[in-house]
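Okay, so here's the structure we're looking at.
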Amino acid sequence: MNQVIIIGAGPSGSYLAYLLASSGIDVLVLEKERFPRYKPCGGGITPKVVNLLDFDLSPVIEDTIQKVIFSYRLTRPIEFTAPKPLAYMVARERFDALLAVRAKEAGAKFLEGIRVQRVEVTGSKVSVYADGSQWQGDILVGADGANSLVARSLGLGRRRKLSASLETEIPAAPEKLEQYRSAIKIEYGLVPYGYAWVFPKADHLSAGVWTNAPRPKKLRLQLEYYIQSEGLNSLEARVKTRGWLIPVNPQPDDLHGSRTLLLGDAAGLADAFTGEGIYPAVYSARLAAEIISGQISRPDPDLRGYTALVQEKIGPDLAGSFRLTRWIPPISGLIHRVLHRHQDLIEDFMEVAGGNLSYSSFLQYFRSRLKESLHFRR
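What follows is the structure, given as structure tokens:
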């Protein structure tokens, strides 16, 4: 019997496996795909992800971003260049594979191509069933993404809401790619309650749209329109246009059960304003490792501390991101004018993304700048 069974080998599952195996805990990871597997994602990771992880990510970093260009309805672009990296571009298939390799090197066992069909928690053990096979363990971790079987089976993460994203990869000639090197483009106003982007990768561009509107419509048309506006429609045929759901949870208060807990997207921990999910995924893995390490030797592990830690460490920024989603989109045109006048606000928001400033502090400063601008207009 395994001490810990983790379902899902995305960033949260593999990083938790790495942390637990490094401390001598017996870990089994079950992954439905086989590495390296394609994962639809913009592929931007923030400096706080790099700072949190315990190992070198340079082998999978394809570009270092120091400039961001904001536009509102394709007009009045604002360029902001930072003295330090704002983000790093990765291909998720390589990034995820690196985390899995590190976990295996630490001693975690991985089984790939396993599509879990059923999970049970009965008394002193957890049971996982797939393809006629069965595994048992002391603790079960759901790191199985937006459509988490663990969450659905055990009635956890009930408050999750879903946002939607669509991304395409655009092959680009070296001279075209050079125009986008070390910079990202963010367009808002085109996608209701969301944004569009272009990110540079090693040999292609990632273009996409994201929205947290309750009933998103016309995402594909919005993506096509944005791509054409960027002059990218004449490039070679696009590949791997994929859509995916990003769960967000305004009140993460049911992330654990008897011998069970949820990580990352399975818990709905993505940022509701930006859609970023990698940082809260790996951070939740670190918090889970802390609780599991302290409880694994007990006959009846008490995992309540995990939900409490998530609420303490991640909850305030989740709440702050939800506040931004409520009041910024309806006045995004005004916001863009404020950013033209107060570009220091962009720097502050990048500090939020980098983990150096809280959403609550940013919101307080932003409101004061907004009031100044409204008074100036009078």
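For the sequence shown, my numbering assigns the number 122 to the initial residue and increments by one for each residue that follows. Every residue, glycine too, gets a C-beta built ideally from N, C-alpha and C.
For the putative contact between residue i and residue j, defined by C-beta atoms under 8 Å, what is the C-beta separation to the nearest angstrom?
i	j	result
Ala-212	Glu-233	No, Ala-212 and Glu-233 are not in contact; Cβ-Cβ is about 19 Å, not under 8 Å.
Leu-390	Ile-435	6 Å
Phe-483	Pro-371	About 18 Å separates the two Cβ atoms, so there is no contact after all.
Gly-476	Asp-386	Between Asp-386 and Gly-476 the Cβ distance is about 19 Å, and since that is not below 8 Å, they are no contact.
Gly-378	Val-242	7 Å
Thr-289	Thr-362	4 Å
Decide if residue i is buried, meaning its Cβ has at least 16 other Cβ atoms within 10 Å, or exposed.
i	result
Arg-236	exposed
Leu-383	buried
Asp-438	buried
Ala-294	exposed
Asp-217	buried
From what residue to what residue does the beta strand (DSSP E) around residue i run?
i	result
Met-122	From DSSP, Met-122 is part of no beta strand (DSSP E); its letter is neither H nor E.
Phe-231	230 to 233
Phe-320	315 to 321
Ser-540	With the chain covering 122 to 499 only, the question about residue 540 has no answer from this structure.
Could you check the C-alpha separation between residue i and residue j for me, to the nearest Å?
i	j	result
Gly-134	Glu-214	15 Å
Tyr-139	Ser-418	19 Å
Gln-349	Phe-320	15 Å
Arg-499	Lys-282	Here the model assigns Arg-499 a pLDDT of 48, short of 50, so the residue's position is not dependable, and the following value carries that caveat. So the two alpha carbons sit approximately 39 Å from each other.
Gly-278	Arg-197	41 Å
Gln-343	Ile-452	20 Å
Asn-123	Leu-141	12 Å
Gly-310	Glu-200	17 Å
Ala-272	Ala-264	9 Å
Lys-322	Met-210	6 Å
Ala-285	Ser-269	16 Å
Val-247	Glu-397	31 Å
His-457	Lys-297	28 Å
Gln-245	Phe-191	Per the sequence shown, residue 245 should be read as Ser rather than Gln. One C-alpha to the other measures close to 54 Å.
Phe-487	Asp-259	47 Å
What is the residue span of the alpha helix (DSSP H) that residue i lies within?
i	result
Pro-348	According to the sequence as given, residue 348 is Ile; it is not Pro. Here the alpha helix (DSSP H) through Ile-348 covers 340 to 350.
Ala-224	213 to 227
Pro-292	No alpha helix (DSSP H) holds Pro-292; the beta strand (DSSP E) holding it covers 282 to 292.
Asp-252	Note, Asp-252: premise wrong, no alpha helix (DSSP H); not H, not E.
Val-459	453 to 462
If we define contact as Cβ-Cβ less than 7 Å, is residue i a contact residue for chain C?
i	result
Arg-239	Here chain C cannot be found, since the structure has a single protein chain.
For the ligand PLP, is there a heavy atom less than 6 Å away from the beta-carbon of residue i?
i	result
Gly-244	Looking for the ligand PLP in the displayed structure turns up nothing, as the structure carries no ligands at all.
*asked:* Within 8 Å, do at least three Cβ pairs link the region 252 to 268 to the region 328 to 344?
replied: no
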